[in-house]
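Residues in the sequence shown are numbered consecutively from 245, following our numbering. The C-beta atom is built at its ideal place from N, Cα and C for all residues, glycine as well. Bear in mind that the values here come from a model prediction, so they are computed numbers and not experimental data. Working notes for the structure below.
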Amino acid sequence: MILAAVLWILVWGGMYSELSSFRWGGLLESPFGLALALRPFMPIIALLLCLLLLAQSGRVSLAVSRGPILALGAYGLVGAFFFFLSPEPFVSLYWAGLFLSAVFVAWSLVNQEDPEGRAKLLMDINAAVIVIIVVFYFIGPLWPILRGAPNPRLYTLPFGLGTQTANGVGRFAGVLALIALSRLRQPEFLKRAFWLGLLAVALVSLGLSESRTAILGFVAGTLLIVIANRKFIWLILGVPGIFYFLYMAWFVWRFRGSFENAFFLTGRENTWRKALDISLRMPLVGHGFHADRLMIEGEHVHMAYLHSLIQSGVIGALFFLAAVVGIWVIIARSRLLTRLASIRGVENFLLTESVAVVGFLAARSFFESTAAFYGVDLLLLVPCMAYIQIWSQRPAQEEQPRGPRPEEEGLDPAPDAGPEGNRRPDFPGAGYSARGFR
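Take a look at the structure:
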């Protein structure tokens, strides 16, 4: 588990770093200087380590990747293979490596012992990172804005870790709000109070970000939480007030009540036309990763499906679309939304958060480049996809509500109960086992 945590932290380590900022002299300044200097290469290091891990174990299973994760990997490989079509092949290959690091590290980890536990570990690391970042922004650059200062809509991270736009802050705040909204249902008072406090911080941060796409994603994720867990009373007690606050942040504060400005795409249409024109020059395989920044005068596509098209052509874009659609097919086939309310404990929280985060990112994908390149969205999406896939492969008997384990009640587990005391790890006909998928 320690290795899994280190690998995923390395994948996160490259976030907001720039390859152009690498300095050989930084390697010798101090341990902290060494870490900062290596940041642009941390995901690449993680990718190489996970490939060594797979080679050493001699066990590579595609089962966990039959669907969304495999499709994301195939999309990344298409963009990586045709890197030489980029105006700057080395830069394109570097960004392809960053993208594949998140996919292959998650893939290799959940194909080891205890895949569900490893997927949970990745989600816990993500939650910790999000909490730290949102709290930092709340007590740092957002606090003066809350007291009336102008909103610069561009904020600086400490220790030279980079900058973050208001949309990025809104994305972190929206995801944290969904996690907190799920976990505040815990019976323990202190835990409930902790997550209630984080929910308040996240909602205020989301409102101050005035990010339309983050607010849209939060609304979608909240509705999924309410519907899946049958918390319909929330629609009367709390949700309307939250939605009204976000309406004020989006429509009134940012756009001063102007309907036209509120739904104007801030120039995205022109960027989309440019991206489509460039994509048609090499329609089958695209122009490699980072093509938008290299070929559209440094602009960002802000549309996941068009982003995938310009980078890897129709072939890669179809794989990317298959990943997005595929996770919803798995959710529908496993009837997750209709059965979630009957699941108890930590599993319920993790599945609720996974579905809500997938819904949040899917809603944003039409206006942001969600998971189409190495970025925060990708790192949030992949563990959620993995956990949903792992859970959906369980035998039906494992998904019933479970009470305390026999040993917790002073009883001996049944002889055939398996290591968990209430299930067999290799139920006849099941695709799930303690080592992943067969």
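Closest in C-alpha terms to ASN473, from the list GLY570, THR596, ILE313, GLN430, comes THR596. In the DSSP annotation of this structure, the continuous segment of the beta strand (DSSP E) that includes GLN408 starts and ends at 407-409. Residue burial annotation: ARG427 is buried, with at least 16 other C-beta atoms found within 10 angstroms of its C-beta. The C-beta distance from LEU490 to GLY451 rounds to 6 Å, short enough to fall under 8 Å. Burial state of VAL590 is exposed, judged by a 10 Å Cβ sphere holding fewer than 16 other Cβ atoms. If you look at LEU398, you'll find it in the beta strand (DSSP E) that goes 398-400. For VAL335, the closest of ALA600, SER578, MET367, PHE285 by C-alpha to C-alpha distance is PHE285. In the displayed model, PHE326 falls within coil according to three-state DSSP, outside both helix and strand. Per DSSP, reduced to three states, the secondary structure at MET539 is helical.
Pairwise C-beta distances place the segment 339-347 in contact with the segment 611-621, as three or more of them are shorter than 8 Å.
Going by DSSP, GLU591 is part of the alpha helix (DSSP H) stretching over 589-608.
Here ILE559 has VAL322, LEU528, VAL529 as same chain residues with Cβ atoms under 7 Å from its own Cβ, once five neighbours each way along the sequence are excluded. As the crow flies, the alpha-carbon of LEU386 is around 27 Å from that of VAL545.
Contact annotation: LEU440 and ILE469 have beta-carbon atoms that are not nearer than 8 Å.
The alpha-carbon separation between ALA249 and ILE383 amounts to approximately 27 Å. Counting along the chain, HIS551 sits inside the alpha helix (DSSP H) bounded by residues 548-577.
Where LYS364 is concerned, the enclosing alpha helix (DSSP H) starts and stops at 359-383. A residue is called buried when at least 16 other Cβ atoms come within 10 angstroms of its Cβ; GLU360 meets this threshold and is buried. Taking 8 Å as the cut-off, the Cβ atoms of ALA315 and ALA567 count as close. Residue environment: MET367 is assigned as buried (16 or more neighbouring CB atoms within 10 Å of its CB, all protein chains considered). When Cβ pairs closer than 8 Å are counted between the two stretches, the segment 597-612 is seen not to touch the segment 279-298, the count staying below three. Assigned with DSSP and collapsed to three states, ALA340 falls in helix. Restricting attention to LYS364, TYR319, GLY277, the CA atom closest to the CA of LEU553 is found in TYR319. Burial of VAL463 is indicated by the presence of at least 16 other C-beta atoms within 10 angstroms of its C-beta.
With a beta-carbon spacing of about 7 Å, GLU612 and ALA548 fall inside the 8 Å limit used to define contacts. Nearest C-alpha to ILE540 among THR515, ARG267, ASN370: THR515. Contact between the segment 369-382 and the segment 252-266 is present: three or more C-beta pairs spanning the two stretches fall below 8 Å. Apart from the 5 residues on each side of it in sequence, ALA421 sits with its Cβ closer than 7 Å to the Cβ of LEU443, ALA446, LEU447, LEU450, PHE462 in its chain, given in chain order. Looking at the backbone, the Cα of LYS475 and that of PRO484 are separated by about 13 Å. Within the model, the alpha-carbon separation for THR407 versus TYR381 is close to 11 Å. Cα atoms of SER261 and ILE477: separation of roughly 44 Å, rounded to the nearest angstrom.
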